[in-house]
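Trainee: I am attaching a structure below and will ask some questions about it afterwards.
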Ligand code: FIX
Ligand code: ZN
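In the numbering used here, the protein residues as written are 77 to 489.
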């Protein structure tokens with residue numbers, strides 16, 4: 077006996093609401109990393125998305141803004157985006173959602189009440205409260221072996237919250253080898269920017285040491301639209317001679333985050349990155365030339381979304397994931413998720429939050445769930461109208477794949 081449409085849609089919505097999530101790409105850190113885990117009102121308001129949006133309103137000289145304390149920056153952003161304007165952007169409206177979900181009265185919200193409601197240091201109880209509010213069970217971090225603040229944490233005896241997982245981020249090695257060679261040599265690795273001498277085995281030794289130290293669930297790096305493959309240059313050689321073989325040996329997936337054009341406005345600092353439409357052909361070449369490697373892929377440009385989904389149809393060692401950064405907006409997440417379901421079925425990773433501040437998990441996952449409810453209810457409704465028996469168990473399985481098990485099955489393949 078099939079359910080009527082409203083009962084079916086209500087069931088799908090309930091399954092999505094209750095689904096537990098693995099957030100497979102964030103910039104959060106386990107609490108044991110200390111101040112690297114950001115939380116609280118001032119961190120939420122000085123999120124780099126809001127910094128760049130605020131400049132469109134206050135138009136302060138960059139140096140004047142950067143001279144402000146974090147509290148003063150936060151107050152300036154509050155005035156610009158929440159007092160002088162309505163918080164209509166994805167990131168600004170997210171602050172209101174977080175405030176509501178953490179017990180504030182949005183109708184009477186002030187910077188003061190927000191600061192009172194959101195602690196600036198995360199107690200274990202607060203971390204649990206936020207994870208429960210977001211429905212997130214596992215969080216994958218972004219771990220940069222070249223970041224001084226983070227390197228200091230990774231001692232031999234370092235242990236951290238088992239709900240958090242490491243992902244080894246190699247942007248500096250892949251894109252700025254010359255810049256990081258001094259650090260590599262200071263660590264005892266004989267690497268030169270032209271990959272002469274023992275550079276290749278030494279880079280392998282470096283990578284294996286950090287894999288051993290961090291036990292990552294995957295290895296990752298981002299590129300702009302300049303990514304080519306095959307590539308006889310330095311990055312291509314590091315990929316072919318170091319990263320791909322080490323990933324194979326250690327059974328690690330490689331995440332490629334494509335289309336981030338860095339520092340187009342350096343005056344905005346972390347907020348100064350932009351987007352570039354990139355070619356999918358290098359990704360296809362990687363998949364076809366390295367069938368024993370697995371590639372997690374996300375692309376930053378809206379225009380790349382269709383072709384990367386088609387590429388995922390061609391290569392089962394390519395797992396498309398998330399609606400990244402500038403395409404992580406209600407309208408684009410819906411457009412992309414519908415397209416992916418229509419071309420791949422439930423065989424992709426629906427979303428990652430990219431959260432940089434703990435409380436962002438709440439609004440970012442609320443937004444994904446609201447899209448998944450709409451999109452999946454439509455798809456199951458059509459199946460039911462054609463006479464297919466849609467059971468709650470099937471919907472729970474499919475949703476679990478989209479927000480958790482497709483990731484774990486792929487990285488543990
Ligand atoms: O490369 C990345 O991991 C990007 O997500 C970040 O660089 C970016 O600043 C971000 O946090 C976007 O959401
Ligand atoms: Zn990120």
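Don't be surprised by glycine CBs; every beta carbon is placed ideally from N, CA and C.
#1: Have a look at 212, 406, 390, 381 and flag the residue whose alpha-carbon is nearest the alpha-carbon of residue 397.
#2: I'd like to know if the stretch 312-328 and the stretch 468-479 are in contact, where contact means that at least 3 CB-CB pairs between them fall below 8 Å.
#3: Whole angstroms are fine: how far does the CA of residue 264 sit from the CA of residue 379?
#4: Residues with a Cβ closer than 5 Å to any heavy atom of the ligand FIX, in chain order?
#5: Considering only C-alpha positions, which residue in the set 399, 469, 400, 115 is nearest to residue 205?
#6: Name the residue from 454, 109, 393, 239 whose alpha carbon lies nearest to the alpha carbon of residue 224.
#7: So, helix, strand or coil for residue 164, using DSSP?
#8: For residue 300, which option in 274, 221, 364, 349 has the closest C-alpha, if you only look at C-alpha atoms?
#9: Between residue 124 and the ligand ZN, is there a pair consisting of the residue's CB and a ligand heavy atom that are separated by less than 7 Å?
#10: Excluding five sequence neighbours on each side, which residues of the same chain lie with their C-beta closer than 6 Å to the C-beta of residue 339?
#11: Should residue 341 be labelled buried (16 or more other beta-carbon atoms within 10 Å of its own) or exposed?
#12: Under the three-state reduction of DSSP, which class applies to residue 109: helix, strand or coil?
#13: Three or more C-beta pairs under 8 Å: does that hold for the stretch 447-457 against the stretch 175-187?
#14: Please determine whether the Cβ atom of residue 405 lies at a distance below 7 Å from any heavy atom of the ligand ZN.
#15: When the Cα of residue 331 is compared with those of 82, 88, 100, 87, which residue comes out closest?
#16: From 127, 215, 141, pick the residue whose C-alpha is nearest to that of residue 480; which is it?
#17: Considering residue 214, what are the terminal residues of the beta strand (DSSP E) in which it resides?
#18: By a C-beta neighbour count over all protein chains shown, 10 Å radius and 16 as the cutoff for buried, is residue 418 buried or exposed?
#19: DSSP on residue 219, reduced to helix/strand/coil?
#20: Within 7 Å: the Cβ of residue 374 and any heavy atom of the ligand ZN?
#21: Just mark residue 302 as buried or exposed, buried being the case when its beta carbon has 16 or more other beta carbons within 10 Å.
#22: Are there 16 or more other CB atoms within 10 angstroms of the CB of residue 482, so buried, or fewer, so exposed?
#23: Do you know how far the Cα of residue 387 is from the Cα of residue 200?
#24: Does the beta-carbon of residue 102 have 16 or more other beta-carbons within 10 angstroms, so that it is buried, or is it exposed?
#25: Among 363, 235, 439, whose alpha-carbon lies nearest the alpha-carbon of residue 291?
#26: The beta strand (DSSP E) spanning residue 371 covers which residue range?
#27: Near residue 160, what residues of its chain come up, given a Cβ to Cβ distance below 7 Å and the 5 sequence neighbours on each side ignored?
#28: Residue range of the alpha helix (DSSP H) that residue 256 falls in?
#29: Where does residue 297 fall in DSSP's three states?
#30: Considering only DSSP beta bridges, list what residue 100 is partnered with.
#31: Could you tell me which residues DSSP puts in a beta bridge with residue 240?
#32: With three or more C-beta pairs closer than 8 Å as the rule, is the stretch 351-371 touching the stretch 136-150?
#33: Would you mind giving the Cβ-Cβ distance between residue 112 and residue 123, rounded to the nearest angstrom? I have them listed as a contact below 8 Å.
#34: Return the CA-CA distance between residue 371 and residue 335, expressed in angstroms with no decimal places.
#35: Taking the alpha-carbon positions, what's the residue 444 to residue 427 distance?
#36: With a threshold of 7 Å, establish whether the CB of residue 481 neighbours any heavy atom of the ligand ZN.
Mentor: A quick look at the data gives this:
#1: 381
#2: no
#3: 43 Å
#4: 298, 401, 430
#5: For the options 399, 469, 400, 115, the alpha carbon positioned closest to that of residue 205 is the one of 115.
#6: 109
#7: coil
#8: 349
#9: no
#10: 348
#11: exposed
#12: Residue 109: helix per DSSP, three-state reduction.
#13: no
#14: no
#15: 100
#16: Relative to the Cα of residue 480, the nearest Cα in the group 127, 215, 141 belongs to 215.
#17: 212-216
#18: exposed
#19: Strand at residue 219.
#20: no
#21: Exposed.
#22: buried
#23: 42 Å
#24: buried
#25: When each option's Cα is compared against that of residue 291, the closest is 235.
#26: 371-375
#27: 133
#28: 253-262
#29: strand
#30: In the DSSP output, where bridge partners are listed per residue, residue 100 has none listed.
#31: 215
#32: The stretch 351-371 and the stretch 136-150 do not touch, with fewer than three beta-carbon pairs separated by less than 8 Å.
#33: 15 Å between Cβ atoms; not a contact.
#34: In this structure, the CA atom of residue 371 is about 16 Å from the CA atom of residue 335.
#35: 7 Å
#36: No, the ligand ZN has no heavy atom inside 7 Å of this Cβ.
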